[in-house]
Amino acid sequence: MIRRTVRKLSDRLLVQLVGLAPAHLRDWAEAVRSEAAAIADDGEALRFAAGAGSGLALTFIKVRLNDALGLASGRTGPRRLAALAAIAAVMIGVVHLHVADAASSLILVNIASLGVGLALLAGAAVWRGLPESARSIAAMIMAGLLVLTSLFGVSSDGVVRWVAAGPLLVQSSLILLPALLMMFARKTTAAGAVALVVGAVAMAMQPDRAMAGAMVAGIAMLWLLHRNWQVKIALAASALGFVATMVQADNLPPVRFTEGVFTQTWQVHPLLGFAVASAGALLLLPAAAFGTRDRNCARQCAVFGATWLAIILAAVIGHYPTPLVGYGGSAIIGYLLSACMLPPTPLARQGLDSAGKPSARAQPDNLARLFPRRTSCA
Amino acid sequence: MTRSRSFSPAARLVLAALLDKAGSWSYGYDLAKITGIKSGTLYPLLIRLEERGLLETEWQPPAEPGRPPRHIYKLTAAGIEVARANPIEPSGADRSSLREVRT
Chain A
1 MIRRTVRKLS
11 DRLLVQLVGL
21 APAHLRDWAE
31 AVRSEAAAIA
41 DDGEALRFAA
51 GAGSGLALTF
61 IKVRLNDALG
71 LASGRTGPRR
81 LAALAAIAAV
91 MIGVVHLHVA
101 DAASSLILVN
111 IASLGVGLAL
121 LAGAAVWRGL
131 PESARSIAAM
141 IMAGLLVLTS
151 LFGVSSDGVV
161 RWVAAGPLLV
171 QSSLILLPAL
181 LMMFARKTTA
191 AGAVALVVGA
201 VAMAMQPDRA
211 MAGAMVAGIA
221 MLWLLHRNWQ
231 VKIALAASAL
241 GFVATMVQAD
251 NLPPVRFTEG
261 VFTQTWQVHP
271 LLGFAVASAG
281 ALLLLPAAAF
291 GTRDRNCARQ
301 CAVFGATWLA
311 IILAAVIGHY
321 PTPLVGYGGS
331 AIIGYLLSAC
341 MLPPTPLARQ
351 GLDSAGKPSA
361 RAQPDNLARL
371 FPRRTSCA
Chain B
1001 MTRSRSFSPA
1011 ARLVLAALLD
1021 KAGSWSYGYD
1031 LAKITGIKSG
1041 TLYPLLIRLE
1051 ERGLLETEWQ
1061 PPAEPGRPPR
1071 HIYKLTAAGI
1081 EVARANPIEP
1091 SGADRSSLRE
1101 VRT
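Those protein sequence lines, which keep their order, are chains A and B.
All residue numbers for the first sequence refer to my numbering, where the first residue is 1 and numbers rise by one.
All residue numbers for the second sequence refer to my numbering, where the first residue is 1001 and numbers rise by one.
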């Protein structure tokens, strides 16, 4: 009797599964329903329906998400996905700030920073059109700004990481360093390596363990995918810089609404904690979606993911800014500035490789769209 | 056709089970029993095979009135070729699981 009731219930759930199915996969949901109905034993039918139903539900959700984000159609590339992730994370952050009774000015700063970051992203095409020499000069200027911040920036308890911008304090490393790493990931030039060596020195001077660690993570990921002497030098310098930050005192007290957000929100409400943790995970979406899907943009996506993962982990374990979800415009602008260096669309879909030449591995088939095959990034 | 690395052990098992049917139709539940693959893995796998043009699907009219039609599967010509080129791995649990059901 109970089993029959449960069986009826499972059939109702399978009817819902048919509703969840994208039109071209609806037959499969109907197939499971009819197959379960054909099994004589109630318990066996139930197990079969539950297993197949959950497997298909995950497939349908994946397909629907791909469609919604435009991943399957090629409408959404890593850069657009990063923009969507940033918008979602900042909005979740706004909810967090509101729930935590933060001043409305903090919320406004985050929203304004999102606007600035999105404007930078909209102008990314200009950046990509610059000649290599202009990019090298830009990288050196960015590295120089990091050193200038360490020398003449705003100090707090012996730590010098900020530049005063009117009433706001901007953490220059959070804005410039991920972008520097992404520029290097795109093309490992000698100028890029020198800029990163200078950047590593700046991080050691500040000292900033979080950004020094992010630097090591990003370059180590690059080393895994693309080895040459430029990457080797940058990796060695960043590792030395990180060691230097570890041996120096870094005892800044946490700043409310900016640091410790990942852990504090769980204490406010589990739902808020989950939302904030999800927002952190969203920031890694471009790397997760394209880091292994498309060989040609894997390098930039993987370095992007490794860098921001390290920044997120630093915010979880130490007193470092919580990117995008906590109060702070630097991380928002930094995230979107580094996203400027991501390819606008998967290059393989355009039939091009990273140098813009026709690619041997062009249009993925329907299967690859549905279940992207994991390929080596090397 | 060359041996592809893209097929998982589960996919190879399903291909082998369908190949054993030598052109006749199979039910999803039977495939799950024969291969020992859980239904939650089997159906996404079948979708994948169909997307790749390796699997043909059809609705079989009900054998008795009042029963729903059943979805049935068999390999296409390309599927047969791929199944032959991608047999079950020579060692490992997957081969034994298929053999267990056959006896």
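Idealized CB from N, CA, C, for every residue including glycine.
Check                                                                                                                                                                                         : Outcome
By the criterion of Cβ-Cβ separation under 8 Å, what are the contact partners of residue 61/A in chain B?                                                                                     : Those do not exist, as residue 61/A stays about 12 Å from chain B at its closest Cβ, beyond 8 Å.
Taking a cut of 8 Å between CB atoms, which residues from the stretch 11 to 25 of chain A lie near chain B?                                                                                   : 25
Using a Cβ-Cβ cut-off of 7 Å, state whether residue 55/A counts as contacting chain B.                                                                                                        : yes
Quick check on residue 122/A: buried or exposed, where buried means 16 or more other Cβ atoms within 10 Å of its Cβ?                                                                          : exposed
Should the stretch 330 to 340 of chain A be regarded as contacting the stretch 168 to 178 of chain A, the criterion being three or more beta carbon pairs within less than 8 Å?               : yes
Counting only the same chain and skipping the five closest in sequence on each side, list residues whose C-beta sits under 8 Å from that of residue 86/A.                                     : 114, 117, 118, 283, 324, 332, 335, 336, 339
Hey, quick one: how far does the beta strand (DSSP E) through residue 171/A stretch, first residue to last?                                                                                   : 168 to 171
Would you kindly report the start and end of the unbroken alpha helix (DSSP H) that includes residue 1038/B?                                                                                  : No alpha helix (DSSP H) holds residue 1038/B; DSSP gives it neither H nor E.
Specify the secondary structure class of residue 77/A as computed by DSSP and reduced to three states.                                                                                        : coil
I'd like the list of long-range same chain contacts for residue 301/A, defined as Cβ closer than 6 Å, with 5 residues on each side in sequence excluded.                                      : 78, 286, 287, 290, 291
Do the CB positions of residue 149/A and residue 163/A come within less than 7 Å of each other?                                                                                               : yes
Ignore the nearest five residues each way along the sequence and tell me which others in residue 208/A's own chain have a CB closer than 7 Å to its CB.                                       : 161, 173, 245
So, helix, strand or coil for residue 1075/B, using DSSP?                                                                                                                                     : strand
Just to confirm the assignment: which complete alpha helix (DSSP H) runs, minimum length 4, are found wholly within the stretch 227 to 264 of chain A?                                        : 229 to 247
Measuring only the C-alpha atoms, how far is residue 12/A from residue 36/A?                                                                                                                  : 12 Å
For residue 126/A, count neighbouring Cβ atoms within 10 angstroms of its own Cβ and tell me buried if that reaches 16, exposed if not.                                                       : exposed
Taking the CB atoms as reference points, tell me whether residue 1043/B and residue 1057/B lie closer together than 7 Å.                                                                      : no
Count the other C-beta atoms from every protein chain shown that fall within 10 angstroms of the C-beta of residue 1014/B, then say buried if there are 16 or more, exposed otherwise.        : buried
Taking contact to mean 3 or more Cβ pairs, one atom from each stretch, closer than 8 Å, check whether the stretch 198 to 217 of chain A and the stretch 305 to 322 of chain A are in contact. : yes
Cβ of residue 1008/B less than 7 Å from any chain A Cβ?                                                                                                                                       : no
When DSSP labels each residue in this structure, what does residue 159/A get in the three-state scheme?                                                                                       : strand
Looking only at its own chain, which residues have a Cβ that is under 8 Å from the Cβ of residue 190/A, when we skip the five neighbours before and after it?                                 : 230
Using DSSP with H/G/I as helix, E/B as strand and the rest coil, what is residue 1060/B?                                                                                                      : strand
Considering only DSSP beta bridges, list what residue 154/A is partnered with.                                                                                                                : 162/A
Compile a chain-ordered list of the residues in the stretch 1064 to 1086 of chain B whose CB is closer than 8 Å to at least one CB of chain A.                                                : 1067, 1068, 1069, 1070, 1071
Does the pairing of the stretch 1027 to 1043 of chain B with the stretch 1059 to 1073 of chain B give three or more beta-carbon distances under 8 Å?                                          : yes
For the stretch 1032 to 1051 of chain B, which residues have a CB atom closer than 8 Å to at least one CB atom of chain A, in sequence order?                                                 : 1032, 1038, 1039, 1040, 1041, 1042, 1043, 1044, 1046, 1047, 1048, 1051
Run down chain B in chain order and give the residues with a C-beta less than 8 Å from the C-beta of residue 28/A.                                                                            : 1043, 1046, 1047, 1071
With a threshold of 8 Å, are at least 3 pairs of Cβ atoms found where one atom belongs to the stretch 1077 to 1088 of chain B and the other to the stretch 1030 to 1037 of chain B?           : no
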